[in-house]
Each structure stands twice: as C-alpha cells, then as structure tokens.
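Number of protein chains: 2
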Amino acid sequence: MKKSYLFTPGPTPIPPEALLAMAQPIDYHRSEDAVALIKDVLEKLKHVFQTENNVLFLTSSGTGAMDGAVANLLCQGDKVLVVRSGKFGERWAEICEAYGVEIIPIDVKWGDSVAPEIVETQLTENPDVKAVFATLCETSTGALHDIKALARLTQSSPTLLVVDAVSALGADDLQMDNWGVDVVVSCSQKGLMTPPGLAFAALNERAWEATERSNLSKYYFDFRKAHQRGLEGSVPYTPAITLLTALQCALNHICTEGIRNTISRHNCIAIATRNAVKAIGLPLFASSPANTLTSIRLPEEIDGKAFVKMMREKHGITYAGGQGELSGKIVRIAHLGWMNESDVIVAISAFERGLAEVGYDISLGAGVAAAQEVFAKFSNQE
Amino acid sequence: MKKSYLFTPGPTPIPPEALLAMAQPIDYHRSEDAVALIKDVLEKLKHVFQTENNVLFLTSSGTGAMDGAVANLLCQGDKVLVVRSGKFGERWAEICEAYGVEIIPIDVKWGDSVAPEIVETQLTENPDVKAVFATLCETSTGALHDIKALARLTQSSPTLLVVDAVSALGADDLQMDNWGVDVVVSCSQKGLMTPPGLAFAALNERAWEATERSNLSKYYFDFRKAHQRGLEGSVPYTPAITLLTALQCALNHICTEGIRNTISRHNCIAIATRNAVKAIGLPLFASSPANTLTSIRLPEEIDGKAFVKMMREKHGITYAGGQGELSGKIVRIAHLGWMNESDVIVAISAFERGLAEVGYDISLGAGVAAAQEVFAKFSNQE
C-alpha cells in the first residue's frame, strides 16, 4: 500500500475540499455565479498579497505573469536591472531580452542572495534604469532575497521594483504596500495550494502609469484589460474556472488562518526542516534560506538524480532535484502551502531513511528530533 | 431539486471520469508519470486534429494559442488577410494589430460565412500576403466556414492558412493534412470536454519554417520551445497538470469513438437541433450553421438577455446569449463535446417551455418531435 507524498516547490498538495470542488460539474464563466466567484477570489488575493491594490489574474503559469510584467511595464530599448541568482532570475533576463529590453545583469552566485548595496551602486551608476527585476525566493536554489531592502532603494526613485513571488507568496513575507513594492507576480500552484494554471499580478499606482506608456506588443497578457474586467468579476478570455473554484477553497484557508499566521507557520516548519538537515550533518545550499523550500547540498558520493528517483519509486516521496548547473547536486524539499508539522516529519524521516539506504553515515532520528525541538519551541511561544 | 444543464459553447460538460481524475492528489509535472501523460495526450491530439504533425500545448485559454500563432509566424510589417465575420474573426485582427502586422480585413456580415471567391480575389490582388487568418466555426454567430475551399487557395501559394478551430475542433470536420491547412489552434473546453486552461496548436512543415523567420516578440507563447519540449513529454513552464489528466480521459473517449464518428455524432445532434428550431418556427441565425452550436434569431418582442437569465435561474438551463452587436438578439445552444441525443432533447424541450413562458405562440413538442425524426433517420442509416 504505497502512499504518495509531494514535497516539490510547485505543484504543492491541494486541500481535499479544493480537489472535490474541481470534481463538481463545470459552470459557465459568464454566469452571475462566476462573477461572484471571480470577485471573491480577487478580493481574497489582496489579503495574501498584503495590498490594497487590486490583483489581476491570468490563465497561464507563473511565467505568463512574468512575461506580462515585462510586456506591460516597459518600452523597447528601456534599460533595466535584473538580479540573476538562479534559474528564475535568469528567466527575467530572458523575457526582457525577448522583448528588446536592455538588461544590466547583477549576477549572484547560485545559492546566495543579492546584497542590496550592489543594487544601490548599480542604480546610482545607471539612473536611467526603468525597473529592477528581482525574485523573492529563487526556487532553483532556495535563497530568499531581501525585497524590503530593495524596495527602500527604489521607492524614492522613479525606478519600479518588480518582484517574482511565484514560489514564495504566502510562505515568505512580502508586504507589498508597507514595503513599497511596485509589482508582484505569482501563481496558483505554490503557497496558494491550487493546481497550476492561474497566474496573478498586483500593480501599484505608479506601475499602472508605466503601463500607459508601454509600447511593447501584447495581447493575451494585456494587464489593463485583465484588470478592468476583473473589477467587474469578468475576464477578457475564458478563464480556468475549475481552478478558480479550487483557489476559492484554498484562499478561504489562508483568510481564516490570516496571512501573518500563514507565514509564521511556514517559518516554523522551514526552521524545523533546516535544523533537521543540519542535525543530519548536511549543509544547506542557500546562505539565506527561504521558508518556501530547503535546498540541501548532497555529499559528492551521492548521485542526486538517482536519489530523487529512488525516493519516489521506492518510498512514494517526491522531492525536487537540482535544476541547471545544480542537477544531481542538491535536493530540494518544499514545505509550503497545505503543509503542517506532520508533513515535515514525514519529509525528514524519509530523507533520513533514504540517505541511510544510499550508504550515508547517519544516526537515524537525529533530524526528526531536531525538528520536534523547533515545533515544541514555537508551540510554547504561542 | 434543481438540476443544472450546460449548453454553452465552452465550457462544455466534462465526462464524470475526467471530473474524478481532477479530484485525485496532484502530481509533479517533471515525474516520469507526467512525461508519459504528456506524451500520451499529445499523441492522441494528433488523431483529433487529423494530422501527422505534432501538436503542441500551452497553459492558457484558446486566445493564448491565437496570440502565439501571430507572434510565432509573422514579422513586423507583414501583410495578412483576416476574415472577420464575428467576434472571433475580429480577435484575429486585434491580435495582428497588437503585434504591428498589417491586416487586410475581409468583412462578412455576422451570421454569414466567407465566400471563398472573395478570398481568392484578395489573394490575387495582394500576392505579398503572408497568411490568411480564418475561423472554422465563428462561435459568436454559429457560422461554419469552408476551410477546405480556403486551403485549396493557399496550398499552392506561399501564403499560410491559419485556422481558429477553438470551438469547433472535434465537432465540425477539419482535416488538417488532407485539406492542407497550415496551422490549427484550439483549446480544451469545447469539443475536447475538458475544463478551460489548455490551448493547442498544430503546425505543418512550412509553418514551422515561418517560425524560423519570425521576428515578433514572444516568450511564454514561444511555439518552438513548447513543441521541442513536448516531444520529450516535457514543458518549458509548469503546465496545468490537473487539466492534462482530465484531457487524457476525454481524449480516450474520442479515440475510442474515432474522430470520424465523433464528428458524425455532432452532425446528427446539430441537424436535430436545427430542425427542431425550424419546427418551433424560429429562424436560424447562421446561413451555414456549424455542428458546434445553433444560433437562433429571437422574435423582436423577446428580450434575449432576460430569456437566457430566466432559463438559468428558473430552469437550471444555461444557454449562451448573443455577444457584441448580437447581445439580446440571439440565443446560442451549444451541442458539442460530452453530448448525445438525450441532451439535445433536454435543450430543445426546455427551449420550447421557456418560449411558451415568455408568451411566444408555440405548439409544445413540435421541436422535440422534429429532433426525434432526425435521430430515427440517422439510426436507420447506421
């Protein structure tokens, strides 16, 4: 009787009532019921984005919202700063280049987070930069970036701060309004506990002003159209209504828990996972690890690809391996969305068992105990 | 005990096993199981597209594939012919304009289908036209276009024929290879009986050659990337995997029935619906109606918007009203996808009841009887 456990940084497990909502007969997206659904979802997303700005949604994966952010905010030949510290920072750069936007890359060693001073220097040297593209959690490495510090730099200048919160929204803190972030993009299948297929974007007033100047080609990803229709509970094109019904269930969870508590829960289980990994004796890959996922550098004698494959096939445990240059070298254990202490215990104990099976010298239970200590500590604080 | 019946031209009803597939715990899209799923789905789509070309898929609604078709096939300043006979023909034109492509519109009265001779004349007068954009079934009017005749015109010239089969694929015949259509785009929530959120495109060899020359900006909708990854059972970006599992169930239905039989079934229930409407005494709106849906011109004294609203609220029957200039003037009854004779009987008998309720002078049962006659005739032919 094999049970399956999913610890990938998207898709993440879906709450049972959201799964069951998708099994209901489908409805027409232009009905009054659909209008109410869309309005409710967009209102609740504001809570998750910690913003008073309206949130718009698109039927696409998160990359669609990234594509749209570039296409809607910029003009041909604009110059932008792009923080590249992994696969998703690179994606910002690729999208900009695809649209003829000139990038000034800020390259950071994979696993590290950008030092805000470097961004500051670049902004001083390039005052004509229209936007800074950054990543809240670089999913490929597990590194958290200090968006609050970056917003402090851009807030008082005309430069926009555009943040990829695709994986981290709802797991790592991102106070769009309080910090002064101009644009946040995200998607459904990570902290929002919904299947992939929906993407989101929130823009503040000065970002909306930039969309009026933008001359890049776009149609499907036209933010202004999506935004305007969204306000009426409508859409320019047929939306993934099945996923919207699931999202509504998932958002009800977050709104009931409260986003601040949701982030605290993620913080607790993330610290537990990190301490467990340290107790097991392996190094964390990210220097500033996110709440979203924990990346673990494997000993050289362990083939990460084979390890991940074995864990799935033999134990029903799905971790993510490394991407790009990290392929085979790291394991990524996500702990976001529909996750609690018990899930983390399963993830860690299976990790211990797996390591022992591939010959790593481990004292079984050490990681689990370290996690339990963290849970006890957090529980006493409540 | 109100039951709900959906007769909109997308979304269409989902087969029960597809609904249940979506209620299963979600899986990682980079697992070997997902690779097998993607490969299976893409192979089965070839049967539905009646082509030996590979089909690519995108996570978006059908408009995303239309956007991609323009962005991937053309260059800035290219000249194209666009058949505009309703809202979706207009969409082709809007997308082309958004990308800086020059359009020569061929405007056709809403409800009519384009005369191939007019396209022929335009092609002769504008030999530098790079593509003709057409629509198999113009969903806003219910009109079917003679794609076979258009393909005969483009096949021997360097001009590409790009067909929006968003609503009609699997309901109205479209023999991509036999007829020589260069590009076909479609989506999940119509004939393919799957929730909205997936779009598809099939390109033949000369269309792929055009993608190599194209210089329009694109990233998320890059067809070459989607195609290349699809061949490996992979994706450039996280796909709507939940919808892929539903699609697999739906495609199994079509492949078991066989696409030729699927189209015959649609033809039978479409004729039944049309004859029923005539027996009721109302005119069909489209001069060449599609198998996909039947558009009915309402008597002037009936407010179409109120009628559609009343049918949904009082009877649980969801038809679609008119769009754009047809708002309030027509009712559209879709009969595609997971539909059989019994569904059409429900659609027609409810339509009769509703018309009687709003004071239309009707002999109840006349439409139903006309439909039954068609079913009997088709049944005898088998």
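Protein sequences, first through last, are from chains A and B. At position 201 of the first sequence the residue is numbered 201 (my numbering), and the sequence of numbers has no breaks. At position 367 of the second sequence the residue is numbered 367 (my numbering), and the sequence of numbers has no breaks. By construction, the Cβ of each residue, glycine as well, lies at the ideal position given by its N, Cα and C atoms.
For residue j and residue i, the rounded distance between their alpha carbons
i, j, result
"residue 126(B)", "residue 77(B)", "14 Å"
"residue 327(B)", "residue 102(B)", "29 Å"
"residue 219(B)", "residue 58(B)", "12 Å"
"residue 227(B)", "residue 27(A)", "31 Å"
"residue 60(A)", "residue 237(B)", "10 Å"
"residue 208(B)", "residue 225(B)", "12 Å"
"residue 159(A)", "residue 184(B)", "42 Å"
"residue 145(B)", "residue 169(A)", "46 Å"
"residue 334(B)", "residue 6(B)", "9 Å"
"residue 177(B)", "residue 167(A)", "42 Å"
"residue 34(A)", "residue 341(B)", "28 Å"
"residue 20(B)", "residue 23(A)", "5 Å"
"residue 190(A)", "residue 350(A)", "22 Å"
"residue 130(B)", "residue 84(B)", "17 Å"
"residue 283(B)", "residue 316(B)", "25 Å"
"residue 278(B)", "residue 352(B)", "12 Å"
"residue 361(B)", "residue 111(B)", "25 Å"
"residue 54(A)", "residue 47(A)", "10 Å"
"residue 369(A)", "residue 276(A)", "7 Å"
"residue 51(B)", "residue 1(A)", "42 Å"
"residue 107(B)", "residue 135(B)", "13 Å"
"residue 357(A)", "residue 155(A)", "51 Å"
"residue 115(B)", "residue 336(A)", "57 Å"
"residue 319(A)", "residue 355(A)", "13 Å"
"residue 73(B)", "residue 94(B)", "16 Å"
"residue 377(B)", "residue 147(B)", "28 Å"
Any chain A beta carbon closer than 8 Å to residue i
i, result
"residue 23(B)", "yes"
"residue 102(B)", "no"
"residue 84(B)", "no"
"residue 304(B)", "no"
"residue 161(B)", "no"
"residue 211(B)", "no"
"residue 264(B)", "no"
"residue 29(B)", "yes"
Beta carbon proximity, residue i to chain B, threshold 8 Å
i, result
"residue 330(A)", "no"
"residue 360(A)", "no"
"residue 186(A)", "no"
"residue 47(A)", "no"
"residue 63(A)", "yes"
"residue 94(A)", "yes"
"residue 14(A)", "yes"
"residue 292(A)", "no"
Residue i: first and last residue of the uninterrupted beta strand (DSSP E) it sits in
i, result
"residue 48(B)", "First-last for residue 48(B): 32-49, but that is the alpha helix (DSSP H), not the beta strand (DSSP E)."
"residue 124(A)", "Here residue 124(A) belongs to no beta strand (DSSP E); instead the alpha helix (DSSP H) covers 116-125."
"residue 107(A)", "102-107"
"residue 164(B)", "160-164"
"residue 203(A)", "198-203"
Cβ-Cβ distance between residue i and residue j below 8 Å
i, j, result
"residue 97(A)", "residue 249(A)", "no"
"residue 330(B)", "residue 193(B)", "no"
"residue 64(A)", "residue 199(A)", "yes"
"residue 188(A)", "residue 196(A)", "yes"
"residue 89(B)", "residue 138(B)", "yes"
"residue 297(B)", "residue 307(B)", "no"
"residue 9(B)", "residue 292(B)", "yes"
"residue 375(A)", "residue 246(A)", "no"
"residue 173(B)", "residue 92(B)", "no"
"residue 221(A)", "residue 68(A)", "yes"
"residue 39(B)", "residue 255(B)", "no"
"residue 433(A)", "residue 162(A)", "This structure does not reach residue 433(A), given that chain A is present from 1 up to 382, and the question cannot be answered."
"residue 41(B)", "residue 251(B)", "yes"
"residue 86(B)", "residue 289(B)", "no"
"residue 71(B)", "residue 216(B)", "yes"
"residue 348(B)", "residue 367(B)", "yes"
Endpoints, alpha helix (DSSP H) assigned at residue i
i, result
"residue 16(B)", "16-22"
"residue 65(B)", "62-73"
Closer than 8 Å to chain E by CB, residue i
i, result
"residue 8(B)", "Of the protein chains in the structure, A and B, none is chain E."
Mind checking the segment 220-254 of chain B against chain A and listing, in chain order, the residues whose C-beta falls within less than 9 Å of any C-beta there? Listed by position along the chain: 220, 221, 222, 235, 236, 237, 238, 239, 240, 241, 242, 243, 246.
In the segment 65-91 of chain B, which residues sit with their C-beta less than 7 Å from some C-beta in chain A, listed in chain order? Interface annotation for the segment 65-91 of chain B against chain A: 67, criterion Cβ-Cβ distance under 7 Å.
Quick one: which residues of the segment 311-324 of chain B get their C-beta closer than 7 Å to a C-beta of chain A? List them in chain order. Taking 7 Å as the upper bound on Cβ-Cβ separation, chain A lies near residues 312, 318 of the segment 311-324 of chain B.
For the segment 187-206 of chain A, which residues have a CB atom closer than 7 Å to at least one CB atom of chain B, in sequence order? Look at the segment 187-206 of chain A: the residues with a C-beta under 7 Å from a C-beta of chain B are 189, 195, 196, 197.
Just by C-beta distance, which residues in the segment 105-123 of chain B are closer than 8 Å to chain A? Listed in sequence order: no entries.
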